[in-house]
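Start counting at 1 in the sequence shown, then tack on 977, and there's your number in this note's numbering. Some notes on the structure that comes next.
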Amino acid sequence: EVVVVDEAHISVAKTYQRVLKWLGRSGKGANRGILLGLTATPFRNFNSTETEQLAQIYANNRLDDGAFGDEITPHEKLQADGILAHVRQKTLDGASIEPTQKEQDDFKGLGGGVRVPSALLERIGQDVDRNRRIVDDLSELCIEHPDWPVLLFTTSVENASVLAAQLTMRGIKAVAISGETETSARRRYIEEFTNGDVQVIANHSILTQGFDAPKVRAIYVTRPCYSPNEYQQMIGRGLRGPRNGGSEEVLIVNMDDNIENFGTQLAFNHFENLWKAK
């Protein structure tokens, strides 16, 4: 009997643990059988305790570890085989923001700064010069490549609407969606995006997981993101290669924001040691 867990990085959640225990795959005396977890982010951000728990659920066994030998990493092999797209990165100047004392306190309350407080994200999204740089760059890209589907991750619901409106005024077919968008409207926008009738979808925290658009050619991450899991989920929307229904190359555009007094860096391999068999 095989149990397959998709988005396996969430396996530490209580709901997942209850299901795994019911299936005999968790707790003392568990019938290990075959438990296979699928995820692009086999860690829990910067939480070493939760990452160790996650690794233990799967017997500290990372199947990609050395899967293609020592000469090439898994993602390099998958890119060479056309399963994953090659990545071209670009950075735009962001904003220089000094958090208020309350915002700094909120940083700590959200898990040591892995997440940015919503109030601060909204303030960043109201920076006129920052928005202009995003719209200028996106407009240039869309005019040069009118057939490129583009995903735009914004700082807030309001910011998504503002950027989509500004792009529309420049003749770019753009829409904004969020958790507040009616399901029927969201479904229609995504269908139009898939069909090429809409070129840019601006969204806030809605298309990070479970969204399938393999033809995406560019992703703009315009919100400060300190969570390795969340960041990889966002850019993962455009990482399908040609043999996987996607493209040979995807453009990833990041914003170089400077949030003073807060310098946490992304560390995608921060917990590699926890996946070594003991």
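The C-beta atom is built at its ideal place from N, Cα and C for all residues, glycine as well.
query: When DSSP builds the beta bridges, which residues end up paired with His1063?; result: Glu1226
query: Please classify Asp1234 as buried or exposed, where buried requires at least 16 other C-beta atoms within 10 Å of its C-beta.; result: buried
query: Examine chain B for any beta-carbon lying closer than 7 Å to the beta-carbon of Arg1147, and answer yes or no.; result: Of the protein chains in this structure there is only one, and it is not chain B.
query: Take Val979 and list the residues in its own chain whose beta-carbon comes closer than 6 Å to its own, dropping the five residues that flank it on each side.; result: Ile1011
query: Helix, strand or coil, according to DSSP, for Gly1156 in the structure here?; result: coil
query: Can you give me the C-alpha to C-alpha distance between Glu1168 and Ala1153, rounded to a whole angstrom?; result: 14 Å
query: With a 10 Å radius around its C-beta and 16 neighbouring C-beta atoms as the bar for buried, classify Ala985 as buried or exposed.; result: buried
query: So, using beta-carbon positions, are Ser1155 and Ile1178 closer together than 7 Å?; result: no
query: So what does Ala1017 bridge to, in DSSP terms?; result: Bridge partners of Ala1017: none, in fact.
query: What number of angstroms, rounded off, separates the C-alpha of Val1139 from the C-alpha of Arg1200?; result: 14 Å
query: Strictly by DSSP, which residues pair up with Leu1069?; result: Met1232
query: Tell me, which residues are paired with Val1177 by DSSP?; result: Val1127 and Ala1151
query: How is Ile1074 classed by DSSP in three states: helix, strand or coil?; result: strand
query: Check whether the stretch 1041-1059 touches the stretch 1216-1229, taking contact to mean three or more Cβ pairs, one atom from each stretch, closer than 8 Å.; result: yes
query: For a test of the three-state rule: what should DSSP assign to Ala1195, helix, strand or coil?; result: strand
query: State buried or exposed for Ala1137, treating a residue as buried only when at least 16 other CB atoms are found within 10 Å of its CB.; result: buried
query: So, is Met1146 buried or exposed, given that buried needs 16 or more other C-beta atoms within 10 angstroms?; result: exposed
query: With 16 other CB atoms within 10 Å as the buried threshold, where does Pro1123 fall?; result: exposed
query: Relative to the C-alpha of Gly1001, which candidate in Arg1194, Ile1034 and Ala1017 has its C-alpha closest?; result: Ile1034
query: Within 10 angstroms of its Cβ, does Gly1071 collect 16 or more other Cβ (buried), or is it exposed?; result: buried
query: With 16 as the cutoff for other CB atoms within 10 Å, does Thr1066 come out buried or exposed?; result: Thr is not the amino acid found at residue 1066; the sequence shown has Gln there. Exposed: under 16 other Cβ atoms inside 10 Å.
query: Going by the DSSP bridge assignment, what does Ile1011 pair with across the sheet?; result: Val979
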